[in-house]
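Engineer: Just so you know, the sequences run in chain order A and B. Position 201, counted from 1, in the first sequence is what numbering that gives the first Met the number 0 calls 200; the numbers after and before it change by one each time, with no gaps. Position 117, counted from 1, in the second sequence is what numbering that gives the first Met the number 0 calls 116; the numbers after and before it change by one each time, with no gaps. Below you will find the structure I want to go over with you.
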Amino acid sequence: MSTSSRGSVAIVGVAESDLGEAPPDTSPLDLMAQATSRALDDAGMGLGDIDAVFVSSSQLRMPTQNLCEYVGLRPRYFDSTNIGGASPLTQLAHAQAAINAGLCNTALIAYGSTQRLVSRSKTTPTEEFIYETAYRPLLPVGAYALAASRHMFQYGTTREHLASVAVSTRQWALLNPVAWEKKPLTIEEVLNARMVSSPFGVRDCCLVNDGGGAIIVTSAQRAKTLKKPPVYVLGIAEAMSHRNISCMDDLTDTAAVLSGKEAFKNAGLSPADVDVAELYDCFTITPILFLEDLGFCPKGEGGRFVSGGRIAPGGDFPVNTSGGGLSYCHPGQYGILLLVEGARQVRGECGKRQTKNCEVALVHGNGGVLSTECTVLLGAAATV
Amino acid sequence: MEKIEDLSPLAAYRHYCRQGKLAYQFCPDDGAVIFFPRTLSPKTGSRNLEWRVSEGLGTVYASTTVHRRGEDPYNVSLIDIDEGYRMMSRVENLNPDDVKPGMRVRVRMAMDDDGQPYPVFAPEEMSK
Numbered sequence: 000m001s002t003s004s005r006g007s008v009a010i011v012g013v014a015e016s017d018l019g020e021a022p023p024d025t026s027p028l029d030l031m032a033q034a035t036s037r038a039l040d041d042a043g044m045g046l047g048d049i050d051a052v053f054v055s056s057s058q059l060r061m062p063t064q065n066l067c068e069y070v071g072l073r074p075r076y077f078d079s080t081n082i083g084g085a086s087p088l089t090q091l092a093h094a095q096a097a098i099n100a101g102l103c104n105t106a107l108i109a110y111g112s113t114q115r116l117v118s119r120s121k122t123t124p125t126e127e128f129i130y131e132t133a134y135r136p137l138l139p140v141g142a143y144a145l146a147a148s149r150h151m152f153q154y155g156t157t158r159e160h161l162a163s164v165a166v167s168t169r170q171w172a173l174l175n176p177v178a179w180e181k182k183p184l185t186i187e188e189v190l191n192a193r194m195v196s197s198p199f200g201v202r203d204c205c206l207v208n209d210g211g212g213a214i215i216v217t218s219a220q221r222a223k224t225l226k227k228p229p230v231y232v233l234g235i236a237e238a239m240s241h242r243n244i245s246c247m248d249d250l251t252d253t254a255a256v257l258s259g260k261e262a263f264k265n266a267g268l269s270p271a272d273v274d275v276a277e278l279y280d281c282f283t284i285t286p287i288l289f290l291e292d293l294g295f296c297p298k299g300e301g302g303r304f305v306s307g308g309r310i311a312p313g314g315d316f317p318v319n320t321s322g323g324g325l326s327y328c329h330p331g332q333y334g335i336l337l338l339v340e341g342a343r344q345v346r347g348e349c350g351k352r353q354t355k356n357c358e359v360a361l362v363h364g365n366g367g368v369l370s371t372e373c374t375v376l377l378g379a380a381a382t383v
Numbered sequence: 000m001e002k003i004e005d006l007s008p009l010a011a012y013r014h015y016c017r018q019g020k021l022a023y024q025f026c027p028d029d030g031a032v033i034f035f036p037r038t039l040s041p042k043t044g045s046r047n048l049e050w051r052v053s054e055g056l057g058t059v060y061a062s063t064t065v066h067r068r069g070e071d072p073y074n075v076s077l078i079d080i081d082e083g084y085r086m087m088s089r090v091e092n093l094n095p096d097d098v099k100p101g102m103r104v105r106v107r108m109a110m111d112d113d114g115q116p117y118p119v120f121a122p123e124e125m126s127k
């Protein structure tokens, strides 16, 4: 064991809300509460067991208060960290710290969004940063497009490499009954899709869905007494580098280098120990960057790494087994669904898309415009 | 007019833009150049920042063509300015898809809808 926090807490309940397109007049809280209720059932727990609540949202300014009011909780510890898509992962880090500090016993982490129902522009208010907004980039996609353009220039990454990510992820989605996309996708279809912000066409971009999820986290000691096998947090670390893309030092080099190094150190593991990776895929460049920055391949080799079906079903290294934000569901802060899938893979609950002998899952979340990164290593009982 | 050091960082930047100048900040404590303009150095914490004017030359670091429905595609780039800082801008005077990393560019002022000048760029060989 590398640190005292290794395996000190475990995920004991996970759930998605209904995903895809919510019925008219659904609120983000309806979806959060639905996922919460399902996650508690999954854990064999009730609302009375929860004494800490962590919620993030793009639609609600004080989401933890909203959800606690809705489900009738008065937690003794709470947090509404909002750093974009990785928020639920950073909240897992904060929940681990709070549980280990004795500030709470069992934490609920929840997220929900109706961004498809109400439209993205109404979900996320435009944020003025005049040194960028004067030039009208499409954000966030334009920021990731700039990173992709630099990666292509510096390392010879191609649009076909990017398309390989979309195609492999789609193949996983076809194995997931609740995935939004139901039809196969080819490289040519990705390349010929309507352009959004070059080098990205619309198939390089994540979905815009309604949906949410919830996870229940408790101490390792408590976890052993519950309904399902605990999914231990072996290592978790977060790192932040900037807010605006024009302030990022090197667009091909993300703070995942730091979060990954620290998470592996905490866990006493290396990339070779990872059986499945769930990597935030808001755009096709991000799994390429994170495979490099987390140490699965050398810097600059990510495009070649993802080619030829390596990360697809049947490939050497399974990535984004749910079908990802690109083809399964992207409700805004997608990190919560990455954690749900990572935990289910470790439990062996994933049916047709289950990876073989999965004992260690790496879950990596990204927030803002490659601004904040959080890496989590989850493990089965045998790894603790 | 007010002294430049009495203006907010953005107001001072825009003041230079109205004179056709691309300005940035300089920290005399460690010689760092700073952009976007702010009230202290993000490296040393010093509040003792000076304004400097760039020669207006730079190199495209990264580039994208934005496709908004119902509009002509346009360029958005990150430019590495020769004095040692990076900024977002737009490269004009050529097909947006032809703007590539490595391209040398020179600043000029464009006008926003409120009549405020702001810096854009054009390829160096075309702007002479």
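Note that the Cβ used here is the ideal one computed from N, Cα and C, for glycine as well. These figures come from a predicted structure and were not determined experimentally.
If you measure beta-carbon to beta-carbon, which residues of the segment 131 to 145 of chain A are closer than 8 Å to chain B?
Structural biologist: Residues GLU131, ALA133, TYR134, ARG135, PRO136, LEU137, GLY141, ALA144 and LEU145.
Engineer: Counting only C-beta atoms, is CYS205(A) closer than 9 Å to chain B at any point?
Structural biologist: It does not; no Cβ of chain B falls within 9 Å.
Engineer: Indicate whether THR354(A) and GLY364(A) have their beta-carbon atoms separated by less than 9 Å.
Structural biologist: No. Outside cutoff.
Engineer: Enumerate, from N- to C-terminal direction, the unbroken alpha helix (DSSP H) stretches of 4 or more residues contained entirely within the segment 108 to 194 of chain A.
Structural biologist: Listed in chain order, the complete alpha helix (DSSP H) runs (minimum 4 residues) inside the segment 108 to 194 of chain A are 114 to 117, 119 to 122, 129 to 132, 140 to 154, 158 to 172 and 186 to 191.
Engineer: Under a CB-based cut-off of 9 Å, is ILE129(A) close to chain B?
Structural biologist: Judged by the 9 Å Cβ criterion, ILE129(A) is in contact with chain B.
Engineer: Please confirm if the segment 78 to 98 of chain A is in contact with the segment 229 to 240 of chain A, defined as three or more CB-CB distances below 8 Å between the two stretches.
Structural biologist: Yes, they touch.
Engineer: Taking Cβ-Cβ distances shorter than 8 Å, what residues in chain B pair up with PHE152(A)?
Structural biologist: What PHE152(A) touches in chain B: ALA61, LYS99, PRO100 and GLY101.
Engineer: Verify the CB distance criterion: does CYS246(A) have a CB-CB separation below 9 Å to chain B?
Structural biologist: So, interface residue.
Engineer: Since VAL318(A) and GLY341(A) are thought to touch, with beta carbons under 8 Å apart, how far apart are those beta carbons, to the nearest angstrom?
Structural biologist: Going by Cβ atoms, the distance from VAL318(A) to GLY341(A) rounds to 12 Å, so no, they are not a contact pair.
Engineer: Restricting to Cα atoms, I'd like to know which of VAL177(A), ILE49(A), HIS160(A) and LYS260(A) is closest to LEU102(A).
Structural biologist: When only C-alpha atoms are compared, the closest one is ILE49(A).
Engineer: Please report the residue range of the alpha helix (DSSP H) in which ASN99(A) lies.
Structural biologist: Note, ASN99(A): alpha helix (DSSP H), 86 to 99.
Engineer: Of all the beta strand (DSSP E) runs that stay within the bounds of the segment 10 to 94 of chain A, which reach a length of 3 or more residues?
Structural biologist: Runs found: 51 to 55 and 76 to 78.
Engineer: Would you say the segment 1 to 16 of chain A touches the segment 218 to 225 of chain A, given that touching needs at least three Cβ pairs under 8 Å?
Structural biologist: The answer is yes - the segment 218 to 225 of chain A touches the segment 1 to 16 of chain A, with three or more Cβ pairs under 8 Å.
Engineer: For GLY314(A), which option in PRO27(A), GLY6(A) and TRP171(A) has the closest C-alpha, if you only look at C-alpha atoms?
Structural biologist: Nearest of PRO27(A), GLY6(A) and TRP171(A) to GLY314(A), Cα basis: TRP171(A).
Engineer: What does a CB cutoff of less than 8 Å around ILE186(A) pick up in its chain, not counting 5 residues either side in sequence?
Structural biologist: Cβ neighbours of ILE186(A) beyond the five flanking positions: GLU159, ALA162, SER163 and VAL166.
Engineer: Count the other C-beta atoms from every protein chain shown that fall within 10 angstroms of the C-beta of ILE3(B), then say buried if there are 16 or more, exposed otherwise.
Structural biologist: Answer is exposed; the Cβ neighbour count stays below 16.
Engineer: As a quick exercise: from ASP252(A), PHE295(A) and THR285(A), pick the residue whose alpha carbon is nearest that of LEU268(A).
Structural biologist: If we check each option's Cα against that of LEU268(A), PHE295(A) comes out closest.
Engineer: Please state the DSSP three-state secondary structure of SER1(A).
Structural biologist: For SER1(A), the predicted model reports a pLDDT of 45, less than 50, meaning its position is unreliable; a value from the coordinates is still stated below. Three-state DSSP puts SER1(A) in coil, outside helix and strand.
Engineer: Taking the continuous alpha helix (DSSP H) assigned at GLU49(B), which residues delimit it?
Structural biologist: Looking at the DSSP string, GLU49(B) is not in any alpha helix (DSSP H); the run it does join, the beta strand (DSSP E), is 49 to 52.
Engineer: With TYR231(A) as the anchor, note down where its beta strand (DSSP E) starts and where it stops.
Structural biologist: Segment 230 to 239, the beta strand (DSSP E) holding TYR231(A).
Engineer: Classify MET155(B) as buried or exposed, calling it buried when 16 or more other Cβ atoms lie within 10 Å of its own Cβ.
Structural biologist: The requested residue 155(B) is not part of the displayed model; chain B covers only 0 to 127.
Engineer: Ordered along the chain, which non-local residues of its own chain (more than five positions away) have a Cβ less than 6 Å from that of ALA142(A)?
Structural biologist: So the qualifying residues of the chain are ILE244 and VAL368.
Engineer: Roughly how many whole angstroms lie between the Cα atoms of GLY55(B) and PHE25(B)?
Structural biologist: Roughly 16 Å between the two C-alpha positions.
Engineer: With which residues is CYS373(A) paired in a DSSP beta bridge?
Structural biologist: CYS373(A) is bridged to GLU237(A) and GLY364(A).
Engineer: For PRO229(A), which of GLN58(A), VAL339(A), GLY111(A) and ALA51(A) has the nearest alpha-carbon?
Structural biologist: Considering only alpha carbons, the answer is VAL339(A).
Engineer: Please list, in chain order, all residues of the same chain as ASN47(B) whose beta carbon is under 7 Å from its beta carbon, the five residues on each side excluded.
Structural biologist: Within the same chain, ASN47(B) has close Cβ partners PRO27 and ASP28.
Engineer: Got a sec? Which residues, its chain only, sit under 8 Å from ARG73(A) by beta carbon, not counting five neighbours each side?
Structural biologist: Answer for ARG73(A): CYS67, listed in chain order.
Engineer: So PHE304(A) and LEU290(A) are in contact, right, with Cβ under 8 Å, and what is the actual spacing, rounded?
Structural biologist: Contact flag correct, Cβ pair sits at about 6 Å.
Engineer: Using a Cβ-Cβ cut-off of less than 8 Å, list which residues of the segment 244 to 275 of chain A approach chain B; keep chain order.
Structural biologist: Answer set for the segment 244 to 275 of chain A: ILE244, SER245, CYS246 and LEU250.
Engineer: Can you have a look at ASP112(B) and say buried or exposed, based on whether 16 or more other CB atoms are within 10 angstroms of its CB?
Structural biologist: Label assigned to ASP112(B): exposed.
Engineer: Compute the distance between the beta-carbons of ARG115(A) and ASN175(A), then report whether it is under 9 Å.
Structural biologist: Result no, Cβ atoms of ARG115(A) and ASN175(A) do not sit closer than 9 Å.
Engineer: Using 8 Å as the cut-off, can you tell me whether the segment 257 to 273 of chain A makes contact with the segment 317 to 334 of chain A, which would need three or more C-beta pairs spanning the two stretches below that distance?
Structural biologist: Not touching, per the Cβ criterion.
Engineer: For ILE98(A) and PRO118(B), I'd like the C-alpha separation in whole angstroms.
Structural biologist: ILE98(A) and PRO118(B): Cα-Cα distance of roughly 51 Å.
Engineer: Is the segment 16 to 23 of chain A touching the segment 203 to 217 of chain A, taking contact as three or more C-beta pairs under 8 Å?
Structural biologist: Touching, yes.
Engineer: Tell me TYR73(B)'s beta-bridge partners as DSSP assigns them.
Structural biologist: According to DSSP, TYR73(B) bridges with VAL65(B).
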